[in-house]
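Okay, so the sequence shown: first residue is 19 according to the numbering used here, each after it adds one.
The beta carbon of each residue, even a glycine, is placed where N, CA and C say it ideally should be.
To start, the structure itself, in structure tokens.
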Amino acid sequence: MKSIKFILILLFVLPLHTKMKGQESEAAQAYRDQDYKKSIELYEQLVTQGIRENKESAQLYFNLGNAYFRDNQSGKAILNYERALLLDPGDGDIRHNLRFARSRTVDRIDTAGDLFITNWFRAVRNINNSDRWATISIVLFILFLASVATFLFVRILWARKSSFYAGIVLFFLMIMTNLFAFSQKSERIHRNNAIVMVGAARVNASPDENSNALFELHEGTKVKIRSNDADWYEIEIANGSVGWTSSQNIEII
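This is the structure:
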């Protein structure tokens, strides 16, 4: 009975996998042929399928971002590069293309200075993604257990001393890698950043169309969502300025 179920699963999954691979090749070919509209349509379908199956792909978001950029849709390009970066923050190609796309946007906002420790934590954390950090953490835990076992059961003095200090270092590294993995996982689950998707987005003093306009943001600018009120989001930009904008102006990463 189990064999029959396994065969039935294979009969369903394999054609779907083959279809997705074929569609991905078709999207890539459309991109090479400079048919960016078709490439976007196919990659969007693949991304939607991946979300439905809980299998988001950094590569698909990256390719979709490239197609949008070539189609002169900078907001959509930056949005998809950011989504790719959430899944694979250590990828140099994603970072390069994102920086280039940002350089083509209108807004130039000075970043409010963060603490050195905060910048260091983010820089080291983003070397790998959460899955890799989790794997490294497991390896460190095994090595930590080996150090504890050596300290407890080996009678050679230098080996006990070495295992004691190694255990301290391994325990610290294990804590840090767990923090990196948890932090990245949390960012993926609680997505509170967004990209401006319209040519010009008015930012008001309160969630009301008739309230005072504080400033204006343009397509491709990244904002942090602080709260929401009906169809309005309270947002914060890189320099710390805060205001309210319509939910139609932005799209969550």
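Check	Outcome
Simplified DSSP assignment, three categories, for S201	helix
Under 8 Å between C-beta atoms of G108 and N147	yes
N222 and A212 closer than 8 Å at C-beta	no
C-beta atoms of F87 and A95 nearer than 8 Å	yes
CB of E234 within 8 Å of CB of A256, strictly	no
Distance, S57 Cα to L29 Cα	Caution applies to L29, whose pLDDT of 48 falls short of 50 and renders its modelled position unreliable; the value that the coordinates give is listed next. If you take the alpha carbons of L29 and S57, they lie about 28 Å apart.
G108 Cβ short of 7 Å to the ligand GDP heavy atom set	Among the ligands in the structure shown, none appear at all, so the ligand GDP cannot be discussed.
Buried or exposed (CB count within 10 angstroms, at least 16 for buried), L133	exposed
Contact check, F162 vs G185, beta carbons under 8 Å	yes
Three-state secondary structure (DSSP) of I145	coil
Backbone CA spacing between D149 and F118 [nearest angstrom]	27 Å
Backbone secondary structure at L133 - three-state DSSP	coil
Residue burial classification, T66 (beta-carbon count within 10 angstroms, cutoff 16)	exposed
T210 versus R178 - alpha carbon distance	Note that residue 210 is Asn in the sequence shown here, rather than Thr. Spanning the two alpha carbons is a distance of roughly 48 Å.
6 Å Cβ shell around I169 - same chain, five flanking residues per side excluded	First, the amino acid is wrong: residue 169 is Phe here, not Ile. R178, S181 and F182.
Among Q41, N90, G40 and A141, the one whose alpha carbon lies nearest that of Q202	A141
Per DSSP, the bridge partner or partners of W262	N222 and E252
Close-in-space but distant-in-sequence residues of the same chain around A167 (CB under 7 Å, 5 per side omitted)	none
Inside the region 40–72 only - beta strand (DSSP E) runs reaching at least 3 residues	none
Close Cβ partners of S155 (< 8 Å) along its chain, the five nearest in sequence each way excluded	M192, T195, N196 and A199
Cβ pair G238, R120 closer than 8 Å	yes
Through-space distance from S259 to D128, alpha-carbon basis	11 Å
Segments assigned alpha helix (DSSP H), at least 4 residues, entirely inside the region 76–121	76–88, 92–105 and 110–121
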